[in-house]
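In the working numbering, the protein residues as written are 130 to 174.
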């Protein structure tokens with residue numbers, strides 16, 4: 130799943146490990162809130 134997202138989102142050049150971490154956060158937030166959650170990463174600076 131993370132690899133598919135890496136190809137679709139050029140906002141920040143994230144490593145596979147960073148994408149997996151964000152995916153885990155999204156899944157935990159979705160489970161907690163009962164809503165579909167999508168986090169977006171922007172490279173700043």
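Glycine included, C-beta positions come from ideal geometry on N, C-alpha and C.
Here the C-alpha atom of residue 164 lies approximately 19 Å from the C-alpha atom of residue 149. Excluding sequence positions up to five before and after residue 154, its CB lies within less than 7 Å of the CB of 168, all in the same chain and listed in chain order. Residue state for residue 151 is assigned as helix, using DSSP reduced to three classes. Taking C-alpha positions only, residue 172 is separated from residue 147 by approximately 13 Å.
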